[in-house]
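There are 2 protein chains.
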Amino acid sequence: MSPRELYSQLARPAEGRILLLVLDGLGDLRTATQPETALEKAATPNLDALARRASLGRTLPVAYGVTPGSGPGHLALFGYDPLSKEADIGRGALEALGMDLDVAPGDVVARGNFATADAQGNLVDRRAGRIPTAESVRLCAAINDHLATAPSVPGLTAQVFPGEGYRFVLRLRGPGLSAELEDTDPQILGVPPLAPKASGSSAGVTVERLAKILPVIGQAIIAEPKANRFLLRGFASLPHLPSLEHLYGLRAACFAGYPLYRGVSRAVGMTVANCGKSVAETFAAAASGFGSFDFTFVHVKGTDQAGEDGDLGAKVAVLEDVDRELPVLLAALDPTKDVVAITGDHSTPVPMKAHSWHPVPVLLAAPHAFVDGLPRFTEATTIQGHLGTFPAMNLLGLLLAHAGRLEKFGA
Amino acid sequence: MSPRELYSQLARPAEGRILLLVLDGLGDLRTATQPETALEKAATPNLDALARRASLGRTLPVAYGVTPGSGPGHLALFGYDPLSKEADIGRGALEALGMDLDVAPGDVVARGNFATADAQGNLVDRRAGRIPTAESVRLCAAINDHLATAPSVPGLTAQVFPGEGYRFVLRLRGPGLSAELEDTDPQILGVPPLAPKASGSSAGVTVERLAKILPVIGQAIIAEPKANRFLLRGFASLPHLPSLEHLYGLRAACFAGYPLYRGVSRAVGMTVANCGKSVAETFAAAASGFGSFDFTFVHVKGTDQAGEDGDLGAKVAVLEDVDRELPVLLAALDPTKDVVAITGDHSTPVPMKAHSWHPVPVLLAAPHAFVDGLPRFTEATTIQGHLGTFPAMNLLGLLLAHAGRLEKFGA
Chain A
607 MSPRELYSQL
617 ARPAEGRILL
627 LVLDGLGDLR
637 TATQPETALE
647 KAATPNLDAL
657 ARRASLGRTL
667 PVAYGVTPGS
677 GPGHLALFGY
687 DPLSKEADIG
697 RGALEALGMD
707 LDVAPGDVVA
717 RGNFATADAQ
727 GNLVDRRAGR
737 IPTAESVRLC
747 AAINDHLATA
757 PSVPGLTAQV
767 FPGEGYRFVL
777 RLRGPGLSAE
787 LEDTDPQILG
797 VPPLAPKASG
807 SSAGVTVERL
817 AKILPVIGQA
827 IIAEPKANRF
837 LLRGFASLPH
847 LPSLEHLYGL
857 RAACFAGYPL
867 YRGVSRAVGM
877 TVANCGKSVA
887 ETFAAAASGF
897 GSFDFTFVHV
907 KGTDQAGEDG
917 DLGAKVAVLE
927 DVDRELPVLL
937 AALDPTKDVV
947 AITGDHSTPV
957 PMKAHSWHPV
967 PVLLAAPHAF
977 VDGLPRFTEA
987 TTIQGHLGTF
997 PAMNLLGLLL
1007 AHAGRLEKFG
1017 A
Chain B
607 MSPRELYSQL
617 ARPAEGRILL
627 LVLDGLGDLR
637 TATQPETALE
647 KAATPNLDAL
657 ARRASLGRTL
667 PVAYGVTPGS
677 GPGHLALFGY
687 DPLSKEADIG
697 RGALEALGMD
707 LDVAPGDVVA
717 RGNFATADAQ
727 GNLVDRRAGR
737 IPTAESVRLC
747 AAINDHLATA
757 PSVPGLTAQV
767 FPGEGYRFVL
777 RLRGPGLSAE
787 LEDTDPQILG
797 VPPLAPKASG
807 SSAGVTVERL
817 AKILPVIGQA
827 IIAEPKANRF
837 LLRGFASLPH
847 LPSLEHLYGL
857 RAACFAGYPL
867 YRGVSRAVGM
877 TVANCGKSVA
887 ETFAAAASGF
897 GSFDFTFVHV
907 KGTDQAGEDG
917 DLGAKVAVLE
927 DVDRELPVLL
937 AALDPTKDVV
947 AITGDHSTPV
957 PMKAHSWHPV
967 PVLLAAPHAF
977 VDGLPRFTEA
987 TTIQGHLGTF
997 PAMNLLGLLL
1007 AHAGRLEKFG
1017 A
């Protein structure tokens, strides 16, 4: 029996609510050149106070030595086996999900770029001079108008949705569609966009229909001065994951400013709330929404970004920002029954400027959490903690247990 | 998905090289009568210095409470599941492999003893008075000459290879051979050697052929004054393990003085280098070969031998010898990209005079290893380390990761 099956079988309703604060890429390294980690260096009085009354430990996102992408990293924290087939979600699908699109099972989505071609139809700019978002909004509206009035393609309706800058998403809907499709983006200049082509045996019909609808889209923008072509990549369909509500009866909400994390959250059935991108905005929104959900996921991107940039000072600053705003978030909790956990989806050590495989510090405070009494929340103190080092996908079991949401197993 | 499948799927080439130093039977115990372990008692300034800049932890070779043999102990360190069927290699096969014999898939090998029988053909010495190696060499040559000139047995060619002292190896080659054979060694005196007999249903044909060829071998030595008989045990065929090169693209080399460890290494596709048995000889050979391989396995036998002998002083002396020679080995590494790990294949605690199930200290130093800053490398300090306590078969994943040889998992 997988941990998820076990937890699902034992799940029961209770009053305890769960707050999961993910500081993306939290874990870091001590090395010869970086003797202190960001968590060690940052002044975090509020986090320290929380740590002193919490259980500490470390999560292992996927497996020893394995560096997780953001998708598997978060799915594990939500209790899904990151190595299972169902958890293998393409980045395109996650980003599309994160754009608040209505993507239903069976739909196929692709990431699109507006691009520029010369009079011969050969690409001269794969990003259409990086047109602003407002342009993309206008172009998408023109395309959708054209699609609505052009003769329909049997078995296929298409719609486009503007993204940031030159980016958009194409959604294909119809019976029997397949996402086994090659990119139409040739990745080079001086050639035209590629024709639709199957990458697997299931996509024959989809390619036929796509070959009819892509010219309709093309027609809508062909006379544009810059954005007169479009390129598609990362065809994907919606991942099919049983929701947190289905599995555990958790009404869950996501407070995340970035599309990818909103996408993972939507894939597991969370309500994706509107919130800004700053820590203060995100925490304020989460605090005010907390009472309406059983499970509240709050995401901070800055820690990962600073790690990717190799900027220890920036990582410290984000942690200090988080620490400053933490009381707002914690004030929403009822300390007599609610649970708060703080961790990361993976490590993004400053010296590596990349995601890594190193275990991630985790803190759990709840009425029945063992009080380690450790003075701070760092990579080194968490080695000593009550929670030990454990697979990230088991964290949800601990959260449910501490919220009083798991029955006893066996007589 | 098994860890090995995962690591294999994610493996990519990189410049980082890996050094795995196995101090056989490294782990030891503190008990009422032995208040300090060999690692605690030994003066190891070089190891201490390495420990201070490394991540520490402990490996669990097979499972909690399970004492590993040397085969499973090493296979786990090489990334193979020691509980899998493919990893179940007979000692005979490992020792035969370790003798640098040409053993092909389908061959059957057995360990042989030269023995002495009286005029009635009953055994009086199962080791032929412990004849010297030179005698075994002469006898094997005589047998092979006789086999070459005697009438052939259809479907079977046999050859013998001298070992140390009274020992040799018999190699059987031919279509459809099976290793499901009982020993011909009766383990007692006063009776003749046993006739070949199947131990499983697959060996009927093999027994028929063997019954024809064993008298030919016997004839070659029947007139010898001492070694006038031979006994066979441990029939085995070559284990079929996918190589480290096949799985991870690792060109791997073994520097080990003893046959069993050379055998395990050959079974996983390592190049088995010539090296002496002393620590100094082994380390010098490994250091000079290091640059030609991606993965270098170095084996020290003395720690296990001292443990088996219940000799704490001897174990301390071996560790101090290792410490003295360690700089030679480490000098071969490029500290900006290479990885070194030091551990054991199991514990051989002095108070037990035997292998044991206790976790084994492990040290890992690499550019992106978390620096624990612990002062020494001992059974007790490693409990506090960043690596935690983990299955030995995951060590290879950590080594690959630290060498930059694993892709990120998922988007």
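Top to bottom, those sequences are chains A and B. When the letters of the first sequence are read in order and numbered with the numbering used here, they come out as residues 607 to 1017. When the letters of the second sequence are read in order and numbered with the numbering used here, they come out as residues 607 to 1017. In this text, a Cβ means the ideal position worked out from N, Cα and C, and glycines have one as well.
Residue i in three-state terms, based on DSSP
i	result
SER784/A	coil
PHE901/A	strand
ALA947/B	strand
ARG664/B	strand
THR755/A	helix
ALA749/B	Just to set this straight, residue 749/B is Ile in the shown sequence, not Ala. It is helical.
GLN911/A	helix
PHE889/B	helix
ASN834/B	coil
GLY677/A	helix
GLN990/A	helix
SER962/A	strand
ILE828/A	coil
GLY810/B	helix
PHE976/B	coil
PRO821/B	helix
Beta-carbon spacing of residue i, residue j below 8 angstroms
i	j	result
GLY769/A	MET705/A	yes
GLY919/A	PRO955/A	no
ALA923/A	VAL904/A	no
GLY994/B	PRO688/A	no
GLY1022/A	ARG658/A	Within the shown structure, residues of chain A are numbered from 607 to 1017, placing residue 1022/A beyond reach of any answer.
ARG835/A	ASP791/A	no
ALA817/B	PRO799/B	no
ALA617/B	LEU1001/B	no
LEU753/A	VAL822/A	yes
ILE622/A	GLY1010/A	First, the amino acid is wrong: residue 622/A is Gly here, not Ile. Cβ distance < 8 angstroms, so GLY622/A and GLY1010/A count as in contact.
PRO865/A	THR637/A	no
ALA764/A	LEU612/B	no
GLY671/A	LEU729/A	no
GLU830/B	SER805/B	no
Neighbourhood of residue i by C-beta, 7 angstroms cutoff - its chain only, sequence neighbours within 5 removed
i	result
GLU692/A	PRO845, HIS846, LEU847
GLU985/B	GLY633, ASP634, THR643, LEU645, PRO967
LEU856/B	LEU850, ASP900, PHE901
SER661/A	LEU970, ALA975, PHE976, ASP978, GLY991, HIS992, LEU993
ILE828/A	ASN834
LEU820/B	PRO802
Integer-rounded CB distance, given that residue j should sit under 8 angstroms from residue i
i	j	result
PHE983/A	LEU970/A	Not quite, the Cβ-Cβ distance comes to about 11 angstroms (not below 8 angstroms), so this is no contact.
HIS680/A	VAL885/A	That belief does not hold up - the Cβ atoms of HIS680/A and VAL885/A are roughly 18 angstroms apart, past 8 angstroms.
ARG909/B	ASP630/B	Here residue 909/B is Thr; the residue named in the question, Arg, does not match the sequence. About 6 angstroms; that satisfies the 8 angstroms criterion.
ARG815/B	GLY771/B	Incorrect: roughly 29 angstroms between the Cβ atoms, too far for contact.
LEU837/A	GLY718/A	7 angstroms
ASP929/A	PRO651/A	7 angstroms
GLY863/A	LYS921/A	That belief does not hold up - the Cβ atoms of GLY863/A and LYS921/A are roughly 18 angstroms apart, past 8 angstroms.
LEU935/A	PHE889/A	5 angstroms
GLY712/B	SER843/B	7 angstroms
LEU707/B	VAL766/B	Not quite, the Cβ-Cβ distance comes to about 10 angstroms (not below 8 angstroms), so this is no contact.
Close beta carbons around residue i, own chain, < 8 angstroms, minus the five adjacent residues each side
i	result
HIS591/B	Residue 591/B lies beyond the residue range present for chain B, which begins at 607 and ends at 1017; the question has no answer from this structure.
LYS959/A	GLY913, GLU914, ASP915, GLY916
GLN825/A	HIS752, ALA756
Same chain only: Cβ atoms within 6 angstroms of residue i, ignoring 5 sequence neighbours per side
i	result
PRO667/B	PRO674, GLY679, ALA682, HIS952, ALA998
SER784/B	SER808, ALA809, THR812
ARG872/B	LEU703, VAL878
TYR867/A	HIS905
ALA938/A	ALA893, PHE896
PHE684/A	VAL874
The ligand ZN heavy atom lying under 7 angstroms from the CB of residue i
i	result
GLY622/A	For the ligand ZN, the structure offers nothing, since it holds no ligand at all.
**OP:** Check whether the region 663-678 of chain A touches the region 1006-1017 of chain A, taking contact to mean three or more Cβ pairs, one atom from each stretch, closer than 8 angstroms.
**Re:** Between the region 663-678 of chain A and the region 1006-1017 of chain A there are fewer than three C-beta pairs closer than 8 angstroms, too few to call the two in contact.
**OP:** Check whether the region 799-819 of chain B touches the region 735-743 of chain B, counting contact only when three or more Cβ pairs, one atom from each stretch, lie closer than 8 angstroms.
**Re:** In this structure the region 799-819 of chain B does not touch the region 735-743 of chain B; the number of beta carbon pairs closer than 8 angstroms is below three.
Original post:
Any contact of the region 721-738 of chain B with the region 753-769 of chain B, i.e. 3+ C-beta pairs under 8 angstroms?
Top reply: No, the region 721-738 of chain B does not touch the region 753-769 of chain B.
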